[in-house]
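In this note's numbering, the protein residues as written are 958 to 1320.
We treat Cβ as the ideally placed atom computed from N, Cα and C, and that holds for glycine.
Below: the structure, in structure tokens.
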């Protein structure tokens, strides 16, 4: 047994890996991580961009696909291949947890982030393509993405709502999930969802603004916003998934929409490497970590419930940041725009690199 097993067995938190590559599948690395206690996989356009452009693992398949498909179509077929392999690796976890874990997330094309109808169509296509119970389609938590999420939940599709940066938007995501469940009749036990609340990027942006203010009070608040906001998000989760409304859905088999802590590698080397893991441990949560963070947790991670500690202090921390003239809503809007733009950039760069490779192959 490893610390990752103990994290789930003792604290109720599911450790997931935030990475997926053809190399990790072929080498058995992903299977080994599952054996070590990893219970799910997430990825995004930036991760796939690095995987495809950074190795020759995809070249043979890409060349074969080009005989009958466009570059764009070939890209998605390569992604689908990796997702199918990962779904198979995680399927035993899904079965042994009675559908509670063992998920693999596949993200929509980032260009759809502000198009509800197109997001719904693409999400339906992904679920139809795989028809696997442990697939989560990732939809960004934009205003348009939240609306798409409600539609997909109402249709019985499992969704990972990603790029959540604020408490108000998280509340909207929870409402979309609950309303989607309420719009569906019958048994609800086959629907799963996580709400991916981003963490470290919040500190990066807030710290930048605190540094610009430069006062002793401002500088003393560096590195505190992200964990504080996540703790308040967990408090909101426990509040919304209790009471008569939730109990009526739970009686029909509904599962809670677990908070998923994303972007949990430490960006500032001055902060502890497990700051965004050790501080956010608690029941019915997920933490998705890159490989280095997983390795660090396996070596010396904390095994204690921490996410519900210091909630009043967390509220005070955010209030002090607001009082300094840093609106958290504005921070969230900035991060959402940057997050979508970053994924669009990665996707465009990847397609361009594949187009260049296709040109070389046909020259």
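Asked, Found
"Distance between residue 1198 and residue 1164 (C-alpha atoms, nearest Å)", "32 Å"
"Span of the beta strand (DSSP E), counted from its first residue to its last, around residue 1076", "Counting along the chain, residue 1076 falls outside any beta strand (DSSP E), though it belongs to the alpha helix (DSSP H) covering 1073-1087."
"Contact under 8 Å by Cβ, residue 1166 with residue 1283", "yes"
"For residue 1097, the first and last residue of its enclosing alpha helix (DSSP H)", "Run containing residue 1097: none in the alpha helix (DSSP H); it sits in the beta strand (DSSP E), 1092-1097."
"Backbone CA spacing between residue 1123 and residue 1211 [nearest angstrom]", "25 Å"
"Element boundaries [alpha helix (DSSP H), containing residue 1100]", "1100-1111"
"Burial state of residue 970, where buried means 16 or more other Cβ atoms lie within 10 Å", "buried"
"Closer than 7 Å: residue 1110 CB and nearest the ligand GDP heavy atom", "Only the bare structure without any ligand can be found here, which leaves the ligand GDP out of the picture."
"Top-ranked residue by Cα proximity to residue 1241, from 1087, 1297, 1216 and 1090", "1216"
"Beta-carbon proximity check, residue 1022 vs residue 1060, cutoff 8 Å", "no"
"Element boundaries [beta strand (DSSP E), containing residue 1118]", "1116-1121"
"Anticipated Cβ contact below 8 Å, residue 1003 with residue 1192, distance rounded", "No, residue 1003 and residue 1192 are not in contact; Cβ-Cβ is about 30 Å, not under 8 Å."
"Proximity of residue 1027 and residue 1178 at Cβ, strictly below 8 Å", "no"
"Residue 1087 to residue 1058 span [Cα, whole Å]", "17 Å"
"Run of the beta strand (DSSP E) containing residue 1151, from where it starts to where it stops", "1150-1155"
"Residue 1053 versus residue 1277 - alpha carbon distance", "45 Å"
"Residues bridged to residue 1245 [DSSP beta-bridge criterion]", "973"
"Cβ-based burial, residue 1051 [other Cβ within 10 Å; buried from 16]", "buried"
"Test item: CB-CB of residue 1243 and residue 1189 under 8 Å", "no"
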